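Sequential numbering of the sequence shown, starting at 286, is according to the numbering used here. One structure is given below, encoded as structure tokens.
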Amino acid sequence: MARVITVAVVDDDRMLRDGLRAWLGDVPDLRLVATAATVGELLADPGPFSSHGLDGTAPPPADVVLLDLVLRDGSDPADNIRRVLRTGSRVLMISTVPDRSRIIEAIRAGADGYLTKDHDLPTLVAAVKDLAEGRSALSTELAFACAYDDSPARPRLSPRERQILLDYASGMTLKSAARRAGITVHTAKDYLDRVKAKYQQAGRPTYTKLDLALRVREDSLDGG
286 MARVITVAVV
296 DDDRMLRDGL
306 RAWLGDVPDL
316 RLVATAATVG
326 ELLADPGPFS
336 SHGLDGTAPP
346 PADVVLLDLV
356 LRDGSDPADN
366 IRRVLRTGSR
376 VLMISTVPDR
386 SRIIEAIRAG
396 ADGYLTKDHD
406 LPTLVAAVKD
416 LAEGRSALST
426 ELAFACAYDD
436 SPARPRLSPR
446 ERQILLDYAS
456 GMTLKSAARR
466 AGITVHTAKD
476 YLDRVKAKYQ
486 QAGRPTYTKL
496 DLALRVREDS
506 LDGG
């Protein structure tokens, strides 16, 4: 029996919330468990989602939260993302416009994907499933934003630096990463040290393998 993926929606457009409730209701392996106009409402005491569970109960945090990028309460998008992530949910940003700088800011804050609201239901469902299975949700908007991200906070890595970073951050030992690249371990370490130095210069200190993996995710270097 397939696992049912739970979904919550945070959007200040009541018509959109109602539309998503009807839309997702026909998807057999997704279940909408909560809707709210703000992150504060979604996380209201006495527990996450308790005030807005559609069946009146207090379910655990949803697997995936669809979070509107700009809410009318004036809340900071990055702060909203971090608050939701702390509950254990994954975050799929939804927005009316593909604003490149805001997409990058959302991904750096920890969002797992970004879709504009003009996508169809199959695209939304596929993105939710990707997030629920631990992957990032790629979209044309996200790929374009990352490809043309020229902010100083994103270091320019050479192809070999990027290769060593991706292999090492994915769980390989430095020796294995070096062997795959056809270089010595010493040379691979030099590349990795350069990567760390570039992130340091960009104001994003990176020391451990966990830090490196986080940078890969933040900058969408792995393509998904």
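Yeah, the Cβ is synthetic: ideal placement off N, Cα and C, and Gly gets one too. Computed from a predicted model, the values in this text were never measured in an experiment.
Give the secondary structure of LEU354 by DSSP, where H, G and I count as helix, E and B as strand, and everything else as coil.
coil
Distance check for ARG299 and LEU305, CA to CA, integer angstroms please.
10 Å
At the level of alpha carbons, what is the spacing between PRO313 and ALA463?
45 Å
Secondary structure at VAL382, three-state DSSP: helix, strand or coil?
coil
Per-residue DSSP class, three states only, for VAL501
helix
PRO346 to THR472, Cα distance in whole Å?
45 Å
Tell me whether THR472 sits in a helix, a strand or coil according to DSSP, three-state version.
helix
Whole-angstrom distance between ARG316 and GLY310, CA atom to CA atom:
7 Å
For TYR492, three-class secondary structure by DSSP
coil
Should GLU418 go down as buried or exposed, given a rule of 16 or more other Cβ atoms within 10 Å for buried?
exposed
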